[in-house]
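Contents: one structure, followed by commentary.
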Amino acid sequence: MTPMALITQLLQIVSALAAAPLFIGWVNQCRAWLGNRSAPSVWLPYRSLRKLFHKEAVIAEGASPLFRVTPYVVFGAMTLAAAIIPSMGTRLPLTLAADAIALVGLLATARVFQSLAAIDIGTAFGTLGARREMMVGFLAEPALLMVIFVASLISATTALPAIAESLATRSFGLYPSLAFTAVAFTMVLLAENARIPIDNPATHLELTMIHEAQLLEYSARHLALMEWAAALKLFNYACIGFALFVPWGVSTRAGGPAALFASIPLLALKLMVAGAALAVIETVSAKLRVFRAPEFLGFAFVFAVLGLLVHLLLGA
Amino acid sequence: MPLAAWFARSQPQAGAPGLRALGVGAEEWRSVMRDVQRASGRLLALWASRDAQSDTVHALVLAGSQGLHITLALREPQASYPGIEDLFPAAARLQRALRDLSGVDAVDPDRRPWLRHACWPQGYRPLIDAPVPPPATAVVDQYEFVRVGGEGVHEIAVGPVHAGTIEPGHFRFSVVGEKVLRLEERLGYTHKGIEQHFARLPILTGHRLAARICGDSTVAYSWAYVQALEAMAAVEVPRRSTWLRALCLELERLANHLGDLGALGNDAGFAFGLSQFSRLKELLLRATQAALGSRYLMDVIVPGGTHCDLADPGAAQLAQCVRMLAAATAQLRTIYDEHEGLRDRFAGAGTVTPDLAARLGLIGLAGRASGQRFDVRVDLPCGPYPDLAPVTCARLEGDVAARVAVRFDEVQESCRLIHEILANLPGGMHRAAMAVPPAGATGIGLIEGWRGPVMLALQAGEAGAIHRCHPHDPSWQNWPVIEHAIIGNIVPDFPLINKSFNLAYSGHDL
């Protein structure tokens, strides 16, 4: 392990942890602007986290240790995921341990724990949310895997940094297969991160919630970790998207410290554009009926499969 | 007996135009109700009063184009009377509330309390008995919900404390997966003893409490109160004041519809609608304040007329604002209609067919969206409404989309009425001197609030006191219909369906 690799790895983890709430703040700000409202500060998510960390934690009666452990597991899983997604550099020592398929498994682990914890306390809303989360999850995961397979076929590897490096360094060409999978990936991102049209992150109506319903019984530091993990998840998904579809600018194996530091403003720029695009999608759509979510994710899967077919048939 | 025979027996009733009074005996109670029901009549309200140790059950029904105030004097105190739940399903909860508050007992099978939540002992009658100290130890509130059996059926209990800052109500869903098999509501959490409090007020200031029964219908309630009071005291109010009252009523309707249309968009995940309609509503409220001195028009209507007059810079601003609102709402309607996601959420959700609506007695805005063409402004018009000739806005589909469409139509209609009123406002005084009504006089006010017909029955006591005042909100009729509207829908659609009715808690629980 070279010192450069270590620095890249540490920088990536720290910046993901630090920047994830800012990304959420940016999306919220864009949403407010697009809705003709005066926007909250981009720093608001940090203030909420600080507030939550200073509160006294209350645990539901009859909650098992699973309920207490889950915030740490989910937060840990998202941090580990941030470590193996090449957001800034591809020289990541930790990726030897986990490829893109393991990454999907890591995200699934977080989901399983979160749902189990929601069921654990035995409230109607938690169970409702967990059930819906599993429904979204089992449809979104195959689509996500299929997206990754297309990129893997193009670059002949399942290691995410290698995919990003391969896509970033080859001569520029149009890949119709990647265009299809990009659409599929965007749909999976919306569903997996509880955004409109699948879920509404701003709602207070318990009966319509998916993600929020599972967090209703959490408070203080537990809630802060869950919120932070949700922000990290969105950040991670954005970075997976960049690695697969706009990999230019990440510092490659050949790059030195200069390339690594040059990748930081570029990542910020990509996140700003992605956040604004997410806000546009959320503003122009209404929330789907829960039972239309399978249709939505079915389309995502079909798009990913189309990408795969296009790649196999056209070789592009 | 045909309905005409009952009307032949009836007396004129002071209060809203087109009302008659009819006293019946216990053996006639059900037959008059059956005749009203056969003639496609509606139950508008049911309440009880007590004079000199004898109880009277009152009902206000709509039969044909006339209202009939039917009274049933019970021979002995605490006697039971024949129930009419089978004829008018809306009567079920009203009869239970009568038992809780006045101690008169219908012989229908559902004997569970409705407004009594173990806050006062069983058998204690808050409207009759002297106040008692609260029980020393908290009593556990036991309420039997109807259980649904079968494989995979489970219950979801929602409320009375909700995740948002909204009024309290308990909803018990029996579901299979996401599909709702049954919904049972429990209300009464905001019971404040308003009827008892009325009896402690002088009759000439009671309109202030009436204005506070249900904040979003403050104009409708205060107008219903003064309508009853002025008829009892035989005071002729100046024409200008009735036109001003109609202006207030339409402004209230407009503000509520704009707020609801935004909230309905938001509940379907379309926050753009909320911000746009909130902006329009705020502009209207500001113009209202500039013109009439109050944003929500609380206490603008007073006995004898209106508290303030309408002067020109404010009136012109109001006209301009309403003109802008009509145009902006028409534009937003196009956006709502053409938005694929919204259309998908609204259409077919929470359907109440016209047949079901007629059977259950759905009234007001929600009723008109299910083909129940009843509007007090059209069918029993008071004040300037005969001159204004309002149009009933109705639909037949009975789903959320229909309730949204009726709101959009009524916004345009109210804008038109406001322009008519502002253009043709008669001159003269806006307030007349008020007299105290004689003891024992009764009056009934009936006003079409934005939600539906608001009724207020008033009975004068000795020396300018209130003997009995009973306000009735259209939510009483419409809450039970939501239980039917949700059947077969999915759980996450409930908030949207509930919002499309947007019924009152405070006005219902009293």
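As they're listed, the protein sequences go chains A and B.
Just so you know, the first sequence maps onto residues 1 to 316 in the working numbering.
Just so you know, the second sequence maps onto residues 317 to 826 in the working numbering.
For each residue, glycine too, the CB sits at the ideal point set by N, CA and C.
Keep in mind the model is a prediction, meaning the values are calculated, not measured.
Bridge-paired residues (DSSP) for B/F489
Position 173 of the second sequence holds residue 489 of chain B. According to DSSP, B/F489 bridges with B/I472, B/L499.
What span of residues does the alpha helix (DSSP H) with A/Q114 cover, start to end?
Residue 114 of chain A sits at position 114 when you count from the first residue of the first sequence. Here the alpha helix (DSSP H) through A/Q114 covers 100–120.
Using three-state DSSP, classify B/R528 as helix, strand or coil.
As a working note, residue 528 of chain B is residue 212 in the second sequence. When DSSP states are grouped into helix, strand and coil, B/R528 belongs to the coil group.
Chain A within 8 Å of B/F724, Cβ atoms only:
Taking the first residue of the second sequence as position 1, residue 724 of chain B is located at position 408. No - not a single Cβ of chain A is within 8 Å of the one on B/F724.
Check this for me: beta carbons of A/V147 and A/F113, under 8 Å apart or not?
Position 147 of the first sequence holds residue 147 of chain A. Position 113 of the first sequence holds residue 113 of chain A. It is not a contact, given that the beta carbons lie outside the stated cut-off.
Within this structure, are the beta carbons of B/L570 and B/V720 separated by less than 8 Å?
Residue numbering aside, residue 570 of chain B sits at position 254 when the second sequence is read from its first letter. Residue numbering aside, residue 720 of chain B sits at position 404 when the second sequence is read from its first letter. Going by C-beta atoms, B/L570 is not nearer than 8 Å to B/V720.
What residues in the stretch 264–288 of chain A bring their beta carbon closer than 9 Å to a beta carbon of chain B?
E282, T283, V284, S285, A286, K287, L288
Contact check, B/G540 vs B/I802 under 8 Å by CB: the rounded distance?
Numbered from 1 along the second sequence, position 224 holds the residue referred to as residue 540 of chain B. Numbered from 1 along the second sequence, position 486 holds the residue referred to as residue 802 of chain B. Note that residue 540 of chain B is Ala in the sequence shown, not Gly. Contact doesn't hold; Cβ gap of about 30 Å is too wide.
On a Cα-Cα basis, can you pick out the residue from B/L503, B/L384, B/D421, B/S730 that is closest to B/A364?
One-based indexing of the second sequence puts residue 364 of chain B at position 48. Nearest of B/L503, B/L384, B/D421, B/S730 to B/A364, Cα basis: B/D421.
Between B/L658 and chain A, is there a C-beta pair that is closer than 8 Å?
Sequence index remark: in the second sequence, residue 658 of chain B carries index 342 (1-based). Taking Cβ atoms only, chain A reaches closer than 8 Å to B/L658, which makes this a yes.
Would a check of beta-carbon distances place B/F262 closer than 8 Å to chain A?
Shown here, chain B extends from 317 to 826; a query on residue 262 of chain B therefore has no answer.
Within 8 Å of any Cβ in chain A, is that where the Cβ of B/H655 sits?
As a position in the second sequence, residue 655 of chain B is number 339, starting the count at 1. Interface residue, yes.
Coarse secondary structure for A/M209, derived from DSSP in three states
Along the first sequence, read from residue 1 onward, the residue named residue 209 of chain A stands at position 209. In this structure, A/M209 counts as coil in the three-state DSSP scheme.
Can you give me the C-alpha to C-alpha distance between B/A332 and A/A191, rounded to a whole angstrom?
Against the second sequence, residue 332 of chain B aligns to sequence position 16. Against the first sequence, residue 191 of chain A aligns to sequence position 191. Whole-angstrom Cα-Cα distance: 56 Å.
Which residues in the same chain as A/L288 place their Cβ atom closer than 7 Å to its Cβ, once the five residues preceding and following it in sequence are excluded?
Here residue 288 of chain A corresponds to residue number 288 of the first sequence, with the count starting at 1. Here the set comprises P197, I198, F296.
List, in order along the chain, the chain A residues whose C-beta lies closer than 9 Å to that of B/P811?
For the purposes of this step, residue 811 of chain B is taken as the residue at position 495 of the second sequence. Neighbours of B/P811 on chain A, chain order: T203, L205, E206, L207, T208.
At a CB-CB cut-off below 7 Å, which residues of chain B make contact with A/I196?
For this step, residue 196 of chain A is matched to residue 196 along the first sequence. Under the 7 Å cutoff, chain B gives G585.
For the beta strand (DSSP E) that B/L762 lies in, which residues bound it at each end?
Counted from its first residue, the second sequence places residue 762 of chain B at position 446. From DSSP, the beta strand (DSSP E) with B/L762 extends over 758–764.
According to DSSP, is B/W436 helix, strand or coil?
Within the second sequence, the letter at position 120 stands for residue 436 of chain B. Coil at B/W436, not helix or strand.
Considering only C-alpha positions, which residue in the set A/V284, A/R253, A/G275 is nearest to B/N582?
Sequence index remark: in the second sequence, residue 582 of chain B carries index 266 (1-based). That would be A/V284, whose Cα lies nearest to the Cα of B/N582.
Excluding the 5 residues flanking B/V692 on each side, which residues of the same chain have their C-beta closer than 7 Å to its C-beta?
Taking the second sequence and counting its residues from 1, one reaches residue 692 of chain B at position 376. Answer for B/V692: L762, I763, E764, P769, listed in chain order.
For the alpha helix (DSSP H) containing A/W33, list its first residue and its last residue.
Within the first sequence, numbered from 1, the residue matching residue 33 of chain A stands at position 33. Taken as a continuous stretch (DSSP letters only), the alpha helix (DSSP H) holding A/W33 covers 3–34.
Cβ closer than 7 Å: which chain A residues qualify as neighbours of B/P808?
As a position in the second sequence, residue 808 of chain B is number 492, starting the count at 1. Per Cβ cutoff of 7 Å: L207, T208, V290.
Any Cβ of chain B within less than 8 Å of the Cβ of A/G173?
Within the first sequence, numbered from 1, the residue matching residue 173 of chain A stands at position 173. It does not: the Cβ of A/G173 has no partner Cβ on chain B nearer than 8 Å.
Find the nearest neighbour of B/R428 within the set B/I444, B/L410, B/P442, judged by alpha-carbon distance.
Here the question's residue 428 of chain B lines up with position 112 in the second sequence. Taking only the C-alpha atoms, the option nearest B/R428 is B/L410.
For A/G35 and chain B, any beta-carbon pair shorter than 8 Å?
What you label residue 35 of chain A is simply residue 35 of the first sequence in a count that begins at 1. Under the Cβ distance rule, A/G35 counts among the residues neighbouring chain B, one pair being separated by less than 8 Å.
If the cut is a Cβ gap below 9 Å, which residues of chain B does A/A124 touch?
Within the first sequence, residue 124 of chain A is the residue found at index 124, counting from 1. Correct list: H470, E471, I472, A473, V474, F489.
Contact belief for B/Y397 with B/L388 at Cβ below 8 Å, rounded distance in angstroms
Locating residue 397 of chain B in the second sequence gives position 81, counting from the first residue. Locating residue 388 of chain B in the second sequence gives position 72, counting from the first residue. Contact flag correct, Cβ pair sits at about 6 Å.
Pull the bridge partners of B/D421 from the DSSP assignment, please.
Position 105 of the second sequence holds residue 421 of chain B. Looking at the DSSP assignment, B/D421 forms a beta bridge with B/S396.
Output the distance between the C-alpha atoms of B/E829 and B/V694, rounded to the nearest integer angstrom.
Here chain B has residues from 317 to 826 only, and residue 829 of chain B is not among them.
From A/V305 to B/T534, what does the alpha carbon distance come to, in whole angstroms?
Locating residue 305 of chain A in the first sequence gives position 305, counting from the first residue. Locating residue 534 of chain B in the second sequence gives position 218, counting from the first residue. Rounded to whole angstroms, A/V305 to B/T534 spans 59 Å at the Cα level.
Exposed or buried, which one is B/G680 when buried takes at least 16 other CB atoms within 10 Å?
Translated into positions along the second sequence, residue 680 of chain B becomes position 364. Flag for B/G680 reads buried.
What are the complete alpha helix (DSSP H) segments, minimum 4 residues, inside the stretch 649–732 of chain B?
656–662, 670–676, 680–684, 692–695, 701–704
What separation, rounded to the nearest whole angstrom, lies between the Cα atoms of B/K815 and B/K508?
By 1-based counting over the second sequence, the position of residue 815 of chain B is 499. By 1-based counting over the second sequence, the position of residue 508 of chain B is 192. Between B/K815 and B/K508, the C-alpha separation is close to 24 Å.
Does the count of Cβ pairs from the stretch 612–621 of chain B and the stretch 538–558 of chain B closer than 8 Å reach three?
yes
Compute the beta-carbon to beta-carbon distance between B/L626 and B/A607, rounded to the nearest angstrom, for a pair I have assumed lies under 8 Å.
Residue numbering aside, residue 626 of chain B sits at position 310 when the second sequence is read from its first letter. Residue numbering aside, residue 607 of chain B sits at position 291 when the second sequence is read from its first letter. Indeed, because the Cβ distance is near 6 Å, the residues count as touching under 8 Å.
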